[in-house]
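The sequence shown begins at 242 in my numbering and counts up by one.
The beta carbon of each residue, even a glycine, is placed where N, CA and C say it ideally should be.
Every value quoted in this text rests on a predicted model; they were computed, and no experiment measured them.
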Amino acid sequence: MTAILSLASAIVPLYAQTVEVALVETAFDGAYAATRSSELVISGVLDGLFDSGLIGTNSRPVLGDRESFLGYAPGSASVEGLIDYVIVVLAEYGQGTPVPECSYRLVRVRDGKELARGRVPVAVPATTSGPEIDKACSALGSAISAACGGVLRGVSASRRKYGYEEA
């Protein structure tokens, strides 16, 4: 059986897309960083990528603004890390709000081309308890992953059909 699998993998090229999640968080007063909630958003994105058969990785959330989100370009670390795509997330926190409103961009590392962009409204937790807030943040990440996953599946199908990658 092992020999058959080895032969099959030699004939059919195996390819897994690697996606990095980079999150920029804003705050109402410039001093508050809701890193826990942001980490849960990232976790939701990574879970969705994994469930779709993609390899996901992430960097730590950074404090920034809309301009840093829009100006984000994959750097040499992404190229050297063999990252194919980056999902850039902007988590915008209102005054005392533990659940952010999120915008996202899907960027191809090879050429920096933006393949998708969108916005996910705030997920309202059922209660103000910690576990409900955690679920709401994770649900935001899942929604971002689902939106970007459709684009990534299309790019993957293009690669299989034509032997190259076009979005």
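Please state whether DSSP places residue i in a helix, a strand or coil.
| i | result |
| --- | --- |
| residue 290 | helix |
| residue 296 | strand |
| residue 332 | strand |
| residue 393 | helix |
| residue 367 | coil |
| residue 268 | coil |
| residue 282 | helix |
Please state if the CB of residue j and the CB of residue i are separated by a distance shorter than 9 angstroms.
| i | j | result |
| --- | --- | --- |
| residue 341 | residue 278 | yes |
| residue 313 | residue 265 | yes |
| residue 330 | residue 385 | yes |
| residue 347 | residue 324 | no |
| residue 332 | residue 302 | yes |
| residue 395 | residue 293 | no |
| residue 260 | residue 297 | yes |
Under 8 angstroms by Cβ, that's how I've got residue i and residue j pegged, so tell me the actual separation to the nearest angstrom.
| i | j | result |
| --- | --- | --- |
| residue 393 | residue 295 | 7 angstroms |
| residue 350 | residue 319 | 5 angstroms |
| residue 339 | residue 275 | 6 angstroms |
Could you compute how far the alpha carbon of residue i sits from the alpha carbon of residue j?
| i | j | result |
| --- | --- | --- |
| residue 282 | residue 378 | 5 angstroms |
| residue 273 | residue 383 | Confidence at residue 273 is low in this model, with a pLDDT of 47, below 50, so its placement is unreliable and no value can be given for it. |
| residue 367 | residue 321 | 42 angstroms |
| residue 335 | residue 268 | 7 angstroms |
| residue 364 | residue 358 | 19 angstroms |
| residue 304 | residue 353 | 22 angstroms |
| residue 291 | residue 258 | 11 angstroms |
Nearest CA to the CA of residue i: which residue from the options?
| i | options | result |
| --- | --- | --- |
| residue 310 | 298, 390 and 262 | 262 |
| residue 307 | 289, 345 and 298 | 345 |
| residue 356 | 343, 369, 326 and 289 | 326 |
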